[in-house]
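Numbering (mature numbering (1 follows the signal peptide of the UniProt record, and there is no 0)), first residue to last: -32 to -1, 1 to 637. Just so you know, even glycine gets a beta-carbon here, dropped at the ideal spot from N, CA and C.
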Amino acid sequence: MSTNATRTHLVPHAVFSAALAMMMMAAIPALAQSEQVQTDWSGGPGASGPLIQWESQFQNSLDISWRSIEGQLVLSAVEREDPIQDIIAGNAGMPSSVGAGDVNGDGRADILSTDAVYDVLRRKGAVYWWENLASGNWAGRLVSGDFWGAYYVDSADVDGDGDLDVIAAAYYGIADPAPPPPPERNGRFAWFENLQGDGSAWSQHVVGEMFWGANYIDAADIDGDGDVDLIGSAEIARGIYEKDGDVIWFENLDGEGDIWAEHAVIEEFDHALRAKAADIDSDGDIDIVAARSGDLSWWENVSGDGLLWAKQPIFVDEDGAGYFDTGDIDNDGDMDILGTSYNAQFLFWWENIDGAGDLWQTRIIAGLTNVWDLDVADLDGDGDLDALLCRNDILPLALTSLWAENPLGEGPVWSFHFLKNDLPGRTWVAPADADADGKLDAVLAFEDVYREEIEQLSWFNLTQFKSSGGLLSSVLDGGAEPAWSAFSWDATVAADTSLEVQVRASSDSANLGPFVSVPYSGCALANLIDPNARYLQYRLLLSSSNSSVSPVVREVKIGPGAPQLALSPPVPGLAGTTNTITATWPEAGDLIYFAYSLIPGSTILPGPCPGVELGLGDPQLLGSAAVSGEGDATLSASVPMAADGRTVYLQAIEASSCTVSNVVMHTFD
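So this is what it looks like as structure tokens:
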């Protein structure tokens, strides 16, 4: 992108005085006290209000995805007739599990995988993370090349420092000193510290050893002290040389993952296949569910601190239980279980009838053989939980992966959609937003027993967005002296999409009157509603003319908070012509600076805005423009034909307040 503007410091030093900066800082606490912010809608519909503050619920919605990915709203989706496969890595070692998480903190989901036999000669296994690059490509990164027997992998913020670490279980390993044959009995549970927060450096911490057959690890606050503990299961424990525990939890004593205490939940649960954390009895603390070849059971966290457990059976049968996941399958507010039998050929839903885990109903969903992996998630954004499934078959043309849709949201009726049906060997699956479009995809790891090295790690785009939808908030009670002075939101509105934000207010909660549109984020509400009206409600209307994209809403804020600077994509968005970039801001005459970068990342601004962070890797000044009376600042820039196919990252900053806008990522055609 080229322009006649001179490239210099993004914000000139003359813009601010120290006195003005001090005045702004002094005002922040007073503003924050009366703000009302909603960033989470995962509690679902049904809260009409009036409420004194928003939490995680809302009144109702239509065709809005609020459950799939916490902390955002997008349009719901419908099944693609043929899922679109994209290869992450043809050769990913020999994958034995797959997970997901934003490892480098750039807002895109990265992928995790393991390779038990990374270096056979030196007996070393590997844990990988696959960086989700802005270009849509992937880059393989090594978390550890010294984790022999690496099996299961996932992510969690173990040390509480705000970034994601990696947790993993190794099925086997070398003990020192080595036990009698077979010597590789040292199954281990470990976490890998993300030292820089960007996945560039790692430190391995083993929390439990000599758990032969360690096959699963989960993270949750078991003792209710506010930090992340770890839960694990092992298939071949309680031998002469192994630990006495098939299901165990590891207490994070210092909250930073440096000091751990090991606790056996149960010592006699032979051949445990999986152990997961979930609040089964709805009492506010974390219980544990585990499956083995003989039964499926849960352990009540009786004391709430993980020191006293009571086993409660769910399903006892000679065929036993296999792989499972937990979630509210029937949307009745309690935790159910979706899973398989170990030897029988069925997919089950175990309904938590009383919500306390004392009474269960076993329901057969479908006949499926050899289910190897299973994950529950809202894959189509319709507000109920679906499932991803993989089967363990070694015959060509065997059905190996599919997703099961829960269309009524009540559990008894399911629709099955095929992903891949010709992969010989074991497969693993995980839900993740692989293309950063706001909806969940399916990530598939394939063992590749014939070593064809074509599609060992890939992801599938399962669905496409609906064209429109809306959400109605709970009614907010501002009290006897409300101050509805500003309405702001944080959202990404891509080309071919639109977001309309509406608000209404009244002193009668039963008759709030008509909605009015809020023209821009940060808009003062005095000319739109009665600022002294006690009750207020917002409505979001999302639409898209392109089924591949949706508006993404991350935050709604009401109160006298700081106005928001919103940047739109370049128009017409083409190389070889002049493009117009527009930012909206409520104060006419203020100066807006526009910057761009060819790489993603972050940069701390110097000079009069110390500590303010731009979401650009290498920011360059594009130009500046004053805000018009209509509340927008527009800059025109010539884009050369050489930019065709190039991706640019754009951001704006308002000079007097150091307010930065959203980052716009755009690829020129």
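Contact check for F218 against A259 fails: the beta carbons are separated by 9 Å or more. The continuous stretches of beta strand (DSSP E) do not include Y139, and DSSP gives it neither H nor E. Excluding sequence positions up to five before and after E378, its CB lies within less than 6 Å of the CB of D298, all in the same chain and listed in chain order. In this structure, the beta-carbon distance from I135 to I190 does not fall below 9 Å.
Per DSSP, W318 is one residue of the beta strand (DSSP E) stretching across L315 to N320. Ranking A240, L275, I333 and Y139 by CA distance to the CA of G290 puts A240 first. At a Cβ-Cβ threshold of 9 Å, G557 and A594 count as neighbours. Cβ-Cβ distances below 7 Å link E177 to N154 and R156 in the same chain, with the five nearest sequence neighbours on each side left out; the list follows chain order.
The three-state reading of DSSP puts A610 in helix, counting H, G and I together.
Collapsing the DSSP output to three states places L533 in coil. Around the beta carbon of I204, a 10 Å sphere encloses 16 or more other beta carbons of the protein chains shown; the residue is thus reported as buried. Residue nearest to V85 within the set E152, S103 and E468 is E152 (criterion: CA-CA distance).
Assignment of beta strand (DSSP E) within the region 160 to 201, counting only whole runs of 3 or more residues, yields 170 to 176 and 182 to 188 in chain order. Per DSSP, the continuous beta strand (DSSP E) segment holding K244 begins and ends at R242 to A246. Secondary structure at K434: coil, using DSSP grouped into helix, strand and coil.
Looking at the backbone, the Cα of L618 and that of L603 are separated by about 12 Å. By the 16-neighbour rule on beta-carbons within 10 angstroms, V443 is buried. According to the DSSP assignment, A448 belongs to no beta strand (DSSP E), since it is labelled neither H nor E. Counting only residues of its own chain and dropping the five nearest sequence neighbours on each side, S516 has a CB closer than 8 Å to the CB of D405, Q432 and F433. By the neighbour-count criterion, in which 16 or more other beta carbons inside 10 Å mark a residue as buried, P519 falls on the buried side. In this structure, G167 is the residue among G437, G167, A202 and L327 with its C-alpha nearest to the C-alpha of L80. Counting C-beta atoms within 10 angstroms of its own C-beta, Y503 has 16 or more neighbours from the protein chains shown and is therefore classed as buried. Per DSSP, D249 has no beta-bridge partner at all.
For L618, the uninterrupted beta strand (DSSP E) segment begins and ends at T615 to E622. Sixteen is the threshold: since fewer than 16 other Cβ atoms of the shown chains lie within 10 Å of the Cβ of M609, the residue is exposed. If you draw a straight line from the Cα of L440 to the Cα of I333, it is about 34 Å long.
In this chain, the beta strand (DSSP E) harbouring F455 covers A454 to T460. For M633, the beta-bridge partners assigned by DSSP are Y617. If you draw a straight line from the Cα of A462 to the Cα of S536, it comes to about 8 Å. Non-local C-beta neighbours of G272 in its own chain, meaning closer than 7 Å and more than five positions away in sequence, comprise G192 and D253, ordered along the chain. Taking each of P148, D285, G274 and A494 in turn and checking the Cα distance to S261, the smallest one comes out for D285. Contact fails between the region 64 to 82 and the region 459 to 478, because fewer than three Cβ pairs, one in each stretch, are under 8 Å apart. A buried status is given to L412, since no fewer than 16 other beta-carbon atoms sit within 10 Å of its beta-carbon. According to the DSSP assignment, N28 belongs to the beta strand (DSSP E) that extends over N28 to L30. Burial is judged here by how many other beta carbons sit within 10 angstroms of a residue's own beta carbon; S489 has at least 16 and is buried. By the 16-neighbour rule on beta-carbons within 10 angstroms, E38 is exposed.
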